[in-house]
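Numbering (the working numbering), first residue to last: 62 to 392. All residues carry an ideal CB built from backbone N, CA and C; glycine is no exception. The structure presented is a predicted model; accordingly, all values stated were derived computationally and were not measured.
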Ligand code: NAX
């Protein structure tokens, strides 16, 4: 058995964490031979609830779980961790403007960036799930200057999984037969789910998804809006936001980052280098491949006029969010 690795989950008393913690502790993220020591961070008023989660973890009798540290202190939570799942954020309350939500959350991620800068390993891999995820990841990175920018990412994997599942159902194949669908930009309603480079295995042959579906108006409208609005559809049905699927996506993101994506592209919000004419230094979701713990943006794809407009719109939103967030952090 390998030495245990320390992994932190924030928002640990919340609903996404309730599924995610089990997946991490059962070996779904770091592999079946990697023991983990879980650090669980939430705010002080949630410590009682968190104690219940800790009891349940013990009751799972998981062989890979070597220990659990529940805490409300960021500097304890981030100490020596190799991976950080930043799920905790303030939920939108009735009457709250988008701007107020951004301000409240950006402050949380500034504080957590500062704590990581002090106590986390310099090679920690950070996944931000809490919204606005892309901009929170950017702020976290800005306040943790001793950790490379490449180590801060935002989650668009749930959108990717939703898109992949929609395409597989439309074509009538198992979900794993579809690959290389891309989510570009922000994890918000401006995101661009793009199937133009996706491929599907039907029987023994591989085909381009646009050819297999043969309906551009579906791919340029219904497909995109279904993925963009899927979160709202789940809330309408469940009366609560996506949690099981969000936790699964967070596991997928971190597993692929640590263990490699193989021959599949995966979508991750990463600090933009300006690839595909996107604004630099915002956390933009790109198609990437991962190997040896590092991601690389897939290059050389053709961007249609339609795609250009979609990329520009989501890029503009991210640039605006960044400015708002930087203004908040000055206070
Ligand atoms: P919950 O409200 O169930 O849980 C959030 C938890 O975070 C609470 O226990 C709360 O006490 C804790 N928290 C608040 N401030 C904290 C702080 N400063 N430090 C540590 N913990 C803190 O929300 P849940 O449904 O788990 O969702 C969590 C976040 O994920 C939300 O921001 C949500 O919008 C976001 N999502 C992001 C998705 C993505 O694809 N990127 C999809 C799913 C989800 O909507």
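Of the residues the options, which one's Cα is nearest the Cα of residue i?
i           : options               : result
residue 285 : 255, 106 and 222      : 255
residue 311 : 226, 232, 220 and 325 : 220
residue 354 : 325, 321, 290 and 208 : 321
residue 325 : 261, 300, 175 and 191 : 261
residue 412 : 157, 192, 218 and 327 : With the chain represented from 62 up to 392, any question about residue 412 goes unanswered, as that position is not in the structure.
residue 148 : 98, 71 and 64         : 71
residue 111 : 76, 84 and 142        : 76
residue 118 : 129, 108 and 109      : 129
residue 389 : 127, 165 and 69       : 165
residue 113 : 153, 362, 78 and 141  : 78
residue 304 : 168, 360, 289 and 190 : 190
residue 195 : 82, 301, 214 and 362  : 214
Going straight from the alpha carbon of residue i to that of residue j, what length do you get?
i           : j           : result
residue 387 : residue 159 : 15 Å
residue 253 : residue 245 : 5 Å
residue 124 : residue 358 : 36 Å
residue 137 : residue 271 : 49 Å
residue 201 : residue 345 : 15 Å
residue 224 : residue 93  : 28 Å
residue 105 : residue 226 : 38 Å
residue 139 : residue 268 : 45 Å
residue 371 : residue 251 : 8 Å
residue 249 : residue 108 : 31 Å
residue 173 : residue 135 : 6 Å
residue 95  : residue 144 : 13 Å
residue 347 : residue 329 : 6 Å
residue 101 : residue 131 : 5 Å
residue 205 : residue 175 : 6 Å
residue 318 : residue 203 : 21 Å
residue 316 : residue 307 : 14 Å
residue 238 : residue 338 : 31 Å
residue 216 : residue 74  : 19 Å
residue 103 : residue 350 : 32 Å
Could you round the C-beta distance between residue i and residue j to whole angstroms and report it? I think they count as a contact, below 8 Å.
i           : j           : result
residue 332 : residue 231 : Residue 332 to residue 231, Cβ: 33 Å. No contact.
residue 157 : residue 169 : Between residue 169 and residue 157 the Cβ distance is about 15 Å, and since that is not below 8 Å, they are no contact.
residue 379 : residue 192 : With a Cβ gap of about 13 Å, residue 379 and residue 192 do not count as contacting.
Inspect the CB distances between the stretch 293-302 and the stretch 170-180 and report whether three or more fall short of 8 Å.
Inter-segment contact for the stretch 293-302 and the stretch 170-180 is absent: fewer than three beta-carbon pairs are separated by less than 8 Å.
Ignoring anything shorter than 3 residues, give me the beta strand (DSSP E) runs that lie fully in the stretch 290-357, in order along the chain.
Counting whole runs of 3 or more residues, the stretch 290-357 contains the beta strand (DSSP E) stretches 327-332 and 344-352.
Ordered list of alpha helix (DSSP H) runs contained in the stretch 245-299, each at least 4 residues
Runs found: 270-274, 284-289 and 291-299.
Please list the segments of the beta strand (DSSP E) lying wholly inside the stretch 77-141, counting only runs of 3 or more residues, in order along the chain.
Within the stretch 77-141, the complete beta strand (DSSP E) runs of at least 3 residues are 97-102 and 126-132.
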